[in-house]
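Asker:
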Amino acid sequence: MIALTLHELAHGYVALRCGDPTAQMMGRLSFNPLRHLDPIGTLFMLLFGFGWARPVPVNSRNFKNFRRDDLLVSIAGVVTNFCLFFLSMLIMVLTTTLLFTPDLWQVGELTTYRDFLRFDGWNFYSILSGSNLLYVKEAGEYVYYQDSITSFLRTPWLLYVQRFLMFFAQLNLGLAVFNLLPIPPLDGYHVFNDILLRGRLHIPANVMRIVMIGMLFAFYFTNFFSTLIGKVMYFVQGGVVDLLLAVFGLR
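Quick note, the sequence shown lines up with residues 0 to 250 if you use numbering that gives the first Met the number 0.
1) Run through DSSP, which three-state label would residue 99 get?
2) By how many angstroms is the C-alpha of residue 122 removed from the C-alpha of residue 140?
3) Name the one or two DSSP bridge partners that residue 152 has.
4) Please look up how many angstroms separate the CB atoms of residue 103 and residue 151, rounded, as I've assumed it's under 8 Å.
5) Between the region 12-31 and the region 83-93, do at least 3 Cβ pairs fall closer than 8 Å?
6) What number of angstroms, rounded off, separates the C-alpha of residue 157 from the C-alpha of residue 98?
7) Taking the beta carbon of residue 7 as the centre, do at least 16 other beta carbons fall within 10 Å, making it buried, or is it exposed?
8) Which of helix, strand or coil does DSSP assign to residue 7?
9) Answer yes or no: do residue 78 and residue 10 have a C-beta to C-beta separation smaller than 8 Å?
10) Using three-state DSSP, classify residue 230 as helix, strand or coil.
11) With a CB to CB cut of under 7 Å and the five nearest residues on each side skipped, what residues in its chain are close to residue 276?
12) Would DSSP call residue 159 helix, strand or coil?
13) Could you give the first and the last residue of the continuous alpha helix (DSSP H) run that contains residue 124?
14) I'd like to check one pair, residue 177 with residue 209: are the Cβ atoms closer than 8 Å?
15) Considering only C-alpha positions, which residue in the set 46, 41, 64 is nearest to residue 18?
16) With DSSP as the reference, identify every bridge partner of residue 176, one or two as the case may be.
17) Which ranges would you report for the beta strand (DSSP E) in the region 70-119 if only whole runs of at least 3 residues count?
18) Leaving aside the five residues before and after residue 53 along the sequence, list all residues of the same chain whose C-beta is less than 7 Å from its C-beta, in chain order.
19) Tell me residue 143's beta-bridge partners as DSSP assigns them.
20) Compare the beta carbon distance of residue 16 and residue 112 with 8 Å and say whether it is the shorter of the two.
21) What number of angstroms, rounded off, separates the C-alpha of residue 82 from the C-alpha of residue 43?
22) In whole angstroms, give me the CA-to-CA distance for residue 131 and residue 124.
23) For the alpha helix (DSSP H) containing residue 189, list its first residue and its last residue.
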């Protein structure tokens, strides 16, 4: 709810800065999530990890520079979600250094910061799922270690903070990547139209609704979009993890 609310707030605030007070006049510049939730988009977020909120009303006729301002408003939500993702990852790295005893990093091949921080890490998923099983690699296979992750906790209460940060990072990156798909009415469509097509493409609202319904069916009956989004998320998050570990001198 926080991620979706801030996503839409960013759209409305940037629109206001660009000369359009529509969102403000309609009470959408609010931190109240109930003003922003879309039932289907929220359901998608819970089921697939990415979704959308009720779009903030924008009147592009009020923009000072249509192409520039439409682009700024369109990317505002995505940039907000990516910043929240990056902030979550930064705090996760710091909490990981405080969460575990030094003995953990000597256990086995998988007991590295990368495996505890990357979305595709076995021990990352173990913490996120709440199983807290400690995975190590022996003879090329992943096996449970005799002790659980909780046996190596230095600050136990931080485990709950870490689990929240893991979920929050996944959610925000998922929202950012999903909304960058160049499919109307997602933000990526506006970015694609403004940058590559110079704003020449105009799709009626009823056509956008049909496209959205088609996308819903595609998500439900195929794995194409979810697989694509997952691969992009793993690539981006893996790069951010490696960058942060290099900055802090961790392995």
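We put the beta carbon where it would ideally sit given N, CA and C, even for glycine.
Predicted model, so just to flag it, every value in this text is computed and none were measured.
Answerer: The short version:
1) Three-state DSSP puts residue 99 in a strand.
2) Cα to Cα, residue 140 sits roughly 14 Å from residue 122.
3) 99, per the DSSP bridge assignment.
4) Contact between residue 103 and residue 151 holds, since their C-beta atoms are separated by about 4 Å, short of 8 Å.
5) With the cut-off at 8 Å, the region 12-31 and the region 83-93 do not touch.
6) Near 6 Å, if we compare the C-alpha coordinates of residue 98 and residue 157.
7) Residue 7 is buried by the Cβ-count criterion.
8) In this structure, residue 7 counts as helix in the three-state DSSP scheme.
9) Result no, Cβ atoms of residue 78 and residue 10 do not sit closer than 8 Å.
10) In this structure, residue 230 counts as helix in the three-state DSSP scheme.
11) A question about residue 276 goes unanswered here, because the residues of the chain that appear run from 0 up to 250.
12) Helix, per DSSP.
13) Residue 124 -> alpha helix (DSSP H) spans 121-128.
14) Inclusion of residue 209 and residue 177 in the CB contact set at 8 Å is not warranted, their separation being larger than that value.
15) Ranking 46, 41, 64 by Cα distance to residue 18 puts 64 first.
16) According to DSSP, residue 176 bridges with nothing at all.
17) You should have found no qualifying run.
18) Only 35, 36, 37 meet the Cβ criterion.
19) In the DSSP output, where bridge partners are listed per residue, residue 143 has 134.
20) In this structure, residue 16 lies away from residue 112, with their beta-carbon atoms at least 8 Å apart.
21) Spanning the two alpha carbons is a distance of roughly 22 Å.
22) Going from the Cα of residue 131 to the Cα of residue 124 covers about 9 Å.
23) Its alpha helix (DSSP H) spans residues 186-194.
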